[in-house]
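Heads up, the thing below is written out as structure tokens.
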């Protein structure tokens, strides 16, 4: 799955002259947490997040109530946004996991998707969580089974041959190094239209494979 | 991608009212319109002309003109309010995120600029892209919209490509900046059915791939059923009903929507389903809207409450409807009201005499070359073969429907019959007289017997003559009626056209489109002709008016026992009142026969393609997906052999991939009962094709 498949296209974008108060309102009304700031031709200029709008008292010259009002009514997003140089972006042909790694490495909640300097979409934690659910086939009913296999070439093929021999379908699949068991991999499969016990019985027949978890997911 | 949480809509229109300032006040063209469009969704807006569909679109793109403004309500695009913003702010906000495609592609393209330059401008201006990079992008986008030979098209001028291709260029141009919202105002209305079908497929595909929200405006219910997910029905500036296409088409709740459904030809399984029931009256102008329900005066269910109180939009089983009595109205129990007497379709005895007979009629136009040789007359003469070997007969009192794409020679055929053009060779006889020559050689009595109804009533009526004068003129000219009785006779005709005596002194500009066409028909009938030729008499009219005119034509035909030759570009229109239908392609009649035989296998492959292209206003009907490739070849140099072979989707059924089609003319295959097919594929094979249209059983 690539970024272009799970990003949100046509995100809400604002121009640098937008007032900070307006930006806050747009975020609130549309329930979004990030607003790319774009110039002509959707060129990325910066990013507004909720944190950027949490203004610190020392930014203002005075704490006089009237001064604050005046300051806020003239404050445009260009003054508070995270400038492009500091915004982490991704291009639409990257993989989802690369986007996820950028986001976790820099601890950011979203990445504007930029092709040739033009914003084509935005990918947020929520989008990644959605694609994670999709990969494991969450919305549909089925049996979710986790099989622990040795980290040896050919072990995965054994599972697939059993699955194909049973003529089962697979709606979601994932594999990762077993937590706290070096030298093993956990393979998660989502199989529709089968019975839980049947899956457990058949998959644990293979020598060296252990069914660590099996459950109905609805 | 599943399970996306509900996002805020791309466009949200709430309680919108648009007013135009005019002399002595202002007119509220649009009132209380609310709807929203989500991302990747196609939202259809349907209604007759003058209902305010385009005004809504113009309000969104701020294109209302100097005297129009948004009076009330809000338009939110991507969560940001558009109403009340200054021009510069709007430009920035909308910038390149909203694009619009108009009805006539030729008017959206600059005729004096190469297509490539026009397209590149979008990128170089908006994005400051370098010229050659922009060109690359444009070519990619043209290929995306399936433009053949994209790189070459970039160098051409708009007039050098066909209408369908022009519309593709316009759509490609609109998509270059990857807009979040695409407003399409009747983008396929000016196109042929086969081209329309291809463009609609393209639109559906693009909205899926680019996640673009599309606002699709049209008067055609069939088109909406094909492209949109949800639909809003507009009437007299208000949205009277909105909901999902599946729900509204299955069970429309508002009487206006029900009426619209009844007055469009369905092309369903049986002939009875194609009888049209017009809506009486017409859309009130914005200055004369009734006080209560706007649809009241035309509604069959009107009650006192409707006259006094404006209904509000309310939710009824998932459909938003603006009617006081929507739950009491049951569409299936509707019967036509008595003022709208429907024509009875009687079978005319089949052995009536033949009135018109064509034998190998040809019409070629000479093309003047521009080389020196051509100028001095030594060059090889070239011809546009507009009509090739037309052979058919029409019996008295019957109707022949002629169907085909534009440029197929339908109009030339009619012009040759009526004598506006002389024929090149072949023979045409009308009531025993030879009519192969043009009108100058014809007897006046013969001219009187042949009359014509034109497509566009506006341009075929003298604007400074009153209706009475227009209709009376042929009577005086041919002396069919004594001078002192002309007025009475005209009024009689007007009455049979359901226009009263008070229309006698009106001028054409005081009439609506439908009324003008009635006058046009009355004028054609004034000399009591035996044969009336109708050149697309309803294609310029709204659906509700169209139904009324078609019914009227049928009625006068029975009253005066007139023979009709009726041209249409789409097969659904001619279905219910033609006795015979002829399908033309590139000057050649491809299939001719009794109406019922045309709509069921065996089909000519071209008829099959035409049938599958007609948009049907019923989402439950399954249509075969056949799309013709390429455009109609030039008539100057038509393909050898069968003229359809370059686009025929069925050719490969023949041995050697249909080699014979390229070299030899097919023979007429007679499949019985006067049904003839001009094709190499044996009738037995054609018979095995599945019907194009199948009704899904529940």
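Protein chains in written order, with the numbering used here: chain U, 12 to 229; chain V, 489 to 1186.
In this text, a Cβ means the ideal position worked out from N, Cα and C, and glycines have one as well.
Predicted model only: the values in this text are computed from it and were never measured.
Contact set between residue i and chain U, taken where Cβ atoms lie within less than 9 Å
i: residue 561 of chain V; result: Neighbours of residue 561 of chain V on chain U: none; closest Cβ ~17 Å, over 9 Å.
i: residue 550 of chain V; result: Chain U residues near residue 550 of chain V: none, gap ~16 Å exceeds 9 Å.
i: residue 527 of chain V; result: 19, 20 and 21
Residue range of the alpha helix (DSSP H) that includes residue i
i: residue 906 of chain V; result: 898–906
i: residue 682 of chain V; result: 681–698
i: residue 622 of chain V; result: 619–632
i: residue 593 of chain V; result: 593–596
i: residue 612 of chain V; result: 603–615
i: residue 34 of chain U; result: 31–41
Three-state secondary structure assigned by DSSP to residue i
i: residue 655 of chain V; result: helix
i: residue 219 of chain U; result: coil
i: residue 87 of chain U; result: strand
i: residue 860 of chain V; result: helix
i: residue 814 of chain V; result: coil
i: residue 202 of chain U; result: strand
i: residue 104 of chain U; result: coil
i: residue 1156 of chain V; result: strand
i: residue 639 of chain V; result: helix
i: residue 178 of chain U; result: coil
i: residue 211 of chain U; result: helix
i: residue 167 of chain U; result: helix
i: residue 226 of chain U; result: strand
i: residue 866 of chain V; result: coil
i: residue 61 of chain U; result: helix
i: residue 97 of chain U; result: helix
i: residue 1108 of chain V; result: coil
i: residue 773 of chain V; result: coil
i: residue 675 of chain V; result: coil
i: residue 1039 of chain V; result: helix
i: residue 600 of chain V; result: coil
Listed by chain order, chain V residues near residue i by CB distance under 9 Å
i: residue 59 of chain U; result: Simply none; closest approach about 13 Å.
Span of the beta strand (DSSP E), counted from its first residue to its last, around residue i
i: residue 231 of chain U; result: Outside the shown range of chain U, which is 12 to 229, sits residue 231 of chain U, and nothing can be said about it.
i: residue 25 of chain U; result: Run containing residue 25 of chain U: none; DSSP gives neither H nor E here.
i: residue 142 of chain U; result: First-last for residue 142 of chain U: 136–146, but that is the alpha helix (DSSP H), not the beta strand (DSSP E).
i: residue 847 of chain V; result: 842–855
i: residue 823 of chain V; result: Neither: residue 823 of chain V is in no beta strand (DSSP E) and is coded neither H nor E.
i: residue 887 of chain V; result: 887–891
i: residue 916 of chain V; result: 913–918
i: residue 5 of chain U; result: Past the boundaries of the shown model lies residue 5 of chain U; chain U is included only from 12 to 229, so the question cannot be answered.
i: residue 186 of chain U; result: 183–188
i: residue 704 of chain V; result: 701–706
Interface residues of chain U facing residue i [CB-CB closer than 7 Å]
i: residue 668 of chain V; result: 21
i: residue 496 of chain V; result: 41 and 42
i: residue 584 of chain V; result: 52 and 53
i: residue 567 of chain V; result: 23, 37, 40 and 41
Chain U contact residues for residue i, given Cβ-Cβ distances below 8 Å
i: residue 581 of chain V; result: 26
i: residue 616 of chain V; result: 51 and 52
Where residue i meets chain V, residues with beta-carbon distance less than 7 Å
i: residue 129 of chain U; result: 615
Practice task
Could you tell me which uninterrupted beta strand (DSSP E) segments, each at least 3 residues in length, are contained entirely in the segment 710–762 of chain V, listed from first to last along the chain?
Solution key: DSSP runs (the beta strand (DSSP E)) wholly in the segment 710–762 of chain V: 718–723 and 726–732.
Exercise for the section: Output the residue ranges of the beta strand (DSSP E) runs that lie fully inside the segment 510–585 of chain V and measure 3 residues or longer, sorted by chain position. Expected result: 513–525, 530–534 and 556–565
Handout entry: alpha helix (DSSP H) runs contained entirely in the segment 941–1026 of chain V, provided each spans 4 or more residues
Key = 955–966, 974–984 and 1001–1013
Handout entry: Contained beta strand (DSSP E) runs [length at least 3] in the segment 780–808 of chain V, N- to C-terminal order
Key = 802–804
Problem - Contact residues within the segment 95–116 of chain U, judged by C-beta distance below 8 Å to chain V - result: none
Exercise for the section: Scan the segment 692–705 of chain V for residues whose Cβ lies nearer than 9 Å to a Cβ of chain U and list them as they occur along the chain. Expected result: 698, 699, 700 and 701
Problem - Residue ranges of each beta strand (DSSP E) within the segment 1047–1091 of chain V, 3 or longer - result: You should have 1051–1056, 1068–1073 and 1076–1082.
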